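Numbered according to UniProt numbering, the sequence shown spans residues 1 to 373. Ideal Cβ placement from N, Cα and C applies to all residues, glycine included. A quick note: this is a predicted structure, and the numbers were derived from the prediction, not measured. In what follows, a single structure is set out as structure tokens and then discussed.
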Amino acid sequence: MRIGITCYPTHGGSGVIATELGKLMAERGHQIHFITYDMPFRLGRFHHNIHYHEVEANQYAVFRYPPYDLALASRMAQVAKMHHLDLIHVHYAVPHAICAYLAKQMVGDELKVVTTLHGTDITVLGEDSSLRDIICFGINQSDAVTSVSEDLIRQTEEMLCIRRPIHRIYNFVDQRVYYPRDVSDIRDQYADPEEKILLHISNFRPVKRVQDVVRIFHKVQEQIPSRLLLVGEGPDWSLAVQLSEELGISEKVTFLGKQDEVAKLISMADLLLLPSAKESFGLVALEAMACGVPTVASNAGGLPEVVIHGKTGYLSEIGQVEEMAANAVRLLTDEKLYRRFSENGLQRAKDVFCGERIADQYERLYQRVIEQS
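Okay, here's the thing in structure tokens:
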């Protein structure tokens, strides 16, 4: 198959999943064409069967804002014609599904469109009345629609006028990248041997409740020698810095900024903290699970579909800092319990979220869509 892929190449889990899926499909012999404004950050080195097509918006002076959406649609159509694409798989409903629809009108019905919903394209943008109708249109005009969790399907169907079925295909991890690694060469740079390492990775938006992360750690470190590593950047970064100083724990908190490769950092951790107010899936929880690291998280969105409460981690209601801290202490002080959670997580990542398994599901979906008249 000849597959175009459009995603946000530098932002969040949707770009990660889109890029990793493209790489897996290329390994299977399919021709993959990324059509984006920048090189996907997870693409890295040269990959056989993968091509990149840059989108450049016209800077004509009459435009107050460069018309990226139109440039993307035009570029999709050009690539589809030149390389005889069978379908375009877009990640995120807006503007990508709309651009793919326009490209299809330029190319013809033989070009199929698959749209994957990742979360904030529905849970945030879908609440904007000025965008709701066009989001519905893009989804309904797609030849197939997938979602990364059952919870996101439920929210989409409740919020929007969707007339077509939405297929649940989970996010995944490449277990050649995410596995329990030997980190003895770097761990002592961040913590003493007797200290536990708690980890949080996010874009530091308010929905991630990073201040709750700091508060949970504050309570944990009162009982257990420990360190907190915070990975990422965003609007609440300064609030996390300020709170750690106010609580007198700043010397135990390390801000690592944005990191593109996190598998080693995850393997170095003893526990992942993810107290988010919303998570359509929770990719970082899956990455932690694949590295044998349990998660203490909120019972929000798609997280219960990833983290099994009492088996691979603990889930609490949003904002229950005391309970989350108690769960963290329970795991970090009971070696037998911790080992069981770690082993359960490794097995679940392999059985449910293996990259090859998810790639099979997408491959079958692509084939069905292409064969539709």
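Check, Outcome
"Beta-carbon proximity of residue 301 to residue 212, cut-off 8 Å", "no"
"Helix, strand or coil at residue 42 according to DSSP, with G and I counted as helix", "coil"
"Counted within 10 angstroms of its Cβ, other Cβ atoms place residue 76 as buried (16 or more) or exposed", "buried"
"First and last residue of the uninterrupted alpha helix (DSSP H) at residue 297", "Counting along the chain, residue 297 falls outside any alpha helix (DSSP H), though it belongs to the beta strand (DSSP E) covering 295-298."
"Three-state secondary structure (DSSP) of residue 115", "strand"
"Alpha helix (DSSP H) segment containing residue 78, residue limits", "68-83"
"Inter-residue Cα distance where the pair is residue 243 and residue 228", "13 Å"
"Alpha carbon of residue 37 to alpha carbon of residue 53, nearest angstrom", "8 Å"
"Distance between beta carbons of residue 164 and residue 150, contact taken as under 8 Å", "Residue 150 to residue 164, Cβ: 17 Å. No contact."
"Residue 291 and residue 328 closer than 8 Å at C-beta", "no"
"Simplified DSSP assignment, three categories, for residue 162", "coil"
"Contained beta strand (DSSP E) runs [length at least 3] in the region 225-267, N- to C-terminal order", "226-231, 253-257"
"At least 3 beta-carbon pairs within less than 8 Å: the region 173-182 vs the region 128-142", "no"
"Buried/exposed call for residue 257, threshold 16 Cβ in 10 Å", "exposed"
"Residue 146 in three-state terms, based on DSSP", "strand"
"Simplified DSSP state of residue 96, which is helix, strand or coil", "helix"
"Within 8 Å, strictly: CB atoms of residue 13 and residue 281", "yes"
"Beta-bridge pairing of residue 87 - partner residues as DSSP gives them", "3, 112"
"Residues near residue 346 by beta carbon distance below 6 Å, same chain, minus five either side", "292"
"Residue 187 to residue 253 span [Cα, whole Å]", "15 Å"
"Cβ neighbours of residue 304 in the same chain (closer than 7 Å, five flanking residues each side left out)", "315"
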